[in-house]
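J.: Supplied in structure tokens, the structure appears directly below.
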Amino acid sequence: MTGNGRPGPRHAAKTTGERTDVGTVEDLHASATRLTGLDDFGDGDDHRAALSVLLSAYATEASLTPAGSKRTRGLLRASLVSRLLAEAAWRRFPEHAGVTLPNPVFITGLPRTGTTALHRMLAADPAHQGPELWLTEVPQPRPPRETWPDDPVYGTLREAYRSAGLDGVHHMGPEQVEECWRLLCQSMTSVSFECTAHIPSYSRWLAGHDWTPAYRRHRRNLQLIGLHDQHRRWVLKNPSHLFALDALLTVYPDATIIQTHRDPRTAIASVCSLNARASAGWSTVFDGTVVGKTQLALWSRGLRRFRADRARHDPARFVDVRYEDFVASPQRTVEAIYDRLGVKLTGPARAAMKTMRGTGERAHTYQLSDFGLTPGDVDRAFPD
Numbered sequence: 074m075t076g077n078g079r080p081g082p083r084h085a086a087k088t089t090g091e092r093t094d095v096g097t098v099e100d101l102h103a104s105a106t107r108l109t110g111l112d113d114f115g116d117g118d119d120h121r122a123a124l125s126v127l128l129s130a131y132a133t134e135a136s137l138t139p140a141g142s143k144r145t146r147g148l149l150r151a152s153l154v155s156r157l158l159a160e161a162a163w164r165r166f167p168e169h170a171g172v173t174l175p176n177p178v179f180i181t182g183l184p185r186t187g188t189t190a191l192h193r194m195l196a197a198d199p200a201h202q203g204p205e206l207w208l209t210e211v212p213q214p215r216p217p218r219e220t221w222p223d224d225p226v227y228g229t230l231r232e233a234y235r236s237a238g239l240d241g242v243h244h245m246g247p248e249q250v251e252e253c254w255r256l257l258c259q260s261m262t263s264v265s266f267e268c269t270a271h272i273p274s275y276s277r278w279l280a281g282h283d284w285t286p287a288y289r290r291h292r293r294n295l296q297l298i299g300l301h302d303q304h305r306r307w308v309l310k311n312p313s314h315l316f317a318l319d320a321l322l323t324v325y326p327d328a329t330i331i332q333t334h335r336d337p338r339t340a341i342a343s344v345c346s347l348n349a350r351a352s353a354g355w356s357t358v359f360d361g362t363v364v365g366k367t368q369l370a371l372w373s374r375g376l377r378r379f380r381a382d383r384a385r386h387d388p389a390r391f392v393d394v395r396y397e398d399f400v401a402s403p404q405r406t407v408e409a410i411y412d413r414l415g416v417k418l419t420g421p422a423r424a425a426m427k428t429m430r431g432t433g434e435r436a437h438t439y440q441l442s443d444f445g446l447t448p449g450d451v452d453r454a455f456p457d
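Taking our numbering, the leading residue of the sequence shown gets 74, the next gets one more, and so forth.
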């Protein structure tokens, strides 16, 4: 999902003129191999089992249109392409395994609660690094930034995202730091799939699934991408971390978790609008009230799980940020976060952060009633 749940135009230029059904586990793997010339998807079959559940849900529950089937197939294949590229890069750069990731910062919370703007401000600090969008698509050690415009893959992704047509909802560019859910998609373990389709059987499967292997792969990708920037702290964000706090802290035991907070009535209306717009025309079922019902259930479940998991961990590991406080004074909010991290907010960091203001989520029109929801429905789903 993008800013908070939508797929982007992943390898879009390579998906035209092809079959319009989603396909099978084997033919998706074969297609990814044809595109890359690579056939090593890594040890274990965890992603195959997850993909099998996902494909069954798409086939029997999602009611995809031909366009939706084609788009979904492209997204799944792109995740397999990224997995192949990561495996090949790990072999090419074996030294990545020795990269340490000390004290990373993870931002999470309900979608549309200011996570994007906060993430981009924190990642602007020269002492920090975040996962640039194109490097989550094509994992590799981060090349020198001045070489990016000449990279043909970067250029293709830049044009694809430029034509995505969702700038009024969530601005994206391949050079920007973005959510890290694409790294989890290499394991087919992500709530992003639930954000653009009605797939309840996959939702049930994922709710009981152990995300730890997916986070281990997530970590290896960060070790690879940051191979040349080992002195910089990682800053990451993804609302889906709500669903897997225990797995995250198993893999990143010294992480600091920033949780953002906003009125759920506003957040749910906004994420419904985002996901409905992102998947428009993909399904004869996933629209209107179905979007409202599924997204309300998904995110209320995620927040309940996070709260229960958080209660078992050291409170000092968590930082809370109210959306209203952040909007009123971004600088003061960031200063408080740095105080909690025990590091100094330097002059260069302050200057870089000022350029990032206003580059996150922008205003768009939405209301709960568009998705068959009332304020009371949201209040009951989020009683606290």
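Idealized CB from N, CA, C, for every residue including glycine. Given the structure is predicted, the values throughout are model-derived calculations rather than measurements.
When the Cα atoms are used, what is the spatial distance from Arg156 to Ala103?
T.: Rounded to the nearest angstrom, the two C-alpha atoms are 13 Å apart.
J.: Classify Gly76 as buried or exposed, calling it buried when 16 or more other Cβ atoms lie within 10 Å of its own Cβ.
T.: In this prediction, Gly76 has a pLDDT of 36, which is less than 50 and means its spatial position is unreliable; what the coordinates show is noted afterwards. By the 10 Å Cβ count, Gly76 comes out buried.
J.: Just tell me which of Arg380, Pro222, Val211 has its CA closest to the CA of Glu160.
T.: Checking every option, the nearest Cα to that of Glu160 belongs to Val211.
J.: What's the C-alpha gap between Arg395 and Gly187?
T.: Computed Cα separation, rounded: 9 Å.
J.: I need the DSSP call for Asn77, collapsed to helix, strand or coil.
T.: Low per-residue confidence applies at Asn77: pLDDT is 38, beneath 50, and the placement is therefore not dependable enough to give any value.
J.: Relative to the alpha-carbon of Asp198, which residue among Val416, Thr333, Asp283 has its alpha-carbon at the smallest distance?
T.: With distances taken between Cα atoms, Asp198 lies closest to Val416.
J.: Apart from the five residues on each side of it in sequence, which residues of its chain come closer than 8 Å, Cβ to Cβ, to Leu300?
T.: For Leu300, where only same-chain residues beyond five positions count, the Cβ hits under 8 Å are Phe166, Glu168, His169, Val172, Pro214, Arg215.
J.: Measuring straight from C-alpha to C-alpha, what distance separates Val308 and Val126?
T.: Looking at the two C-alpha atoms, the distance is approximately 31 Å.
J.: Could you check how far apart the C-beta atoms of Gly141 and Ser356 are, in whole angstroms? I think they sit under 8 Å.
T.: The pair is a contact, with the Cβ atoms about 5 Å apart (cut-off 8 Å).
J.: Assign Ala105 to one of two classes, buried (16 or more other C-beta atoms within 10 Å of its C-beta) or exposed (fewer than that).
T.: Answer is buried; the Cβ neighbour count reaches 16.
J.: Where does Trp284 fall in DSSP's three states?
T.: Reduced to three states, the DSSP call for Trp284 is coil.
J.: Comparing alpha-carbon positions, which option in Leu124, Leu153, Tyr227, Val178 lies nearest Gln332?
T.: When only C-alpha atoms are compared, the closest one is Val178.
J.: Could you check what DSSP says for Val250 in three-state terms: helix, strand or coil?
T.: Three-state DSSP puts Val250 in a strand.
J.: Which two residues bound the contiguous alpha helix (DSSP H) that contains His120?
T.: From DSSP, the alpha helix (DSSP H) with His120 extends over 119 to 133.
J.: Just to confirm, is the Cβ distance from Asp360 to Ala320 under 8 Å?
T.: In this structure, Ala320 does not lie closer than 8 Å to Asp360 by Cβ.
J.: At what residues does the alpha helix (DSSP H) containing Trp207 begin and finish?
T.: Where Trp207 is concerned, the enclosing alpha helix (DSSP H) stretches over 206 to 210.
J.: Report yes if the CB atom of Thr329 is closer than 8 Å to the CB atom of Thr285, and no otherwise.
T.: Not in contact: Thr329 and Thr285 (Cβ atoms no closer than 8 Å).
J.: Under 8 Å between the Cβ atoms of Arg374 and Leu441?
T.: No.
J.: Tell me which same chain residues have a C-beta within less than 8 Å of the C-beta of Thr447, skipping the five on either side of it?
T.: Cβ within range, chain order: Leu441.
J.: Would Val358 and His304 qualify as a contact pair, given that the criterion is a beta-carbon distance under 8 Å?
T.: Not a contact, by the Cβ cut-off of 8 Å.
J.: Between Ser265 and Trp254, how many whole angstroms is the CB-CB distance? I'm expecting something under 8 Å.
T.: Indeed, because the Cβ distance is near 5 Å, the residues count as touching under 8 Å.
J.: Throw me the rounded Cβ distance for the Leu318 and Phe379 pair, which I believe falls under 8 Å.
T.: Confirmed, about 6 Å.
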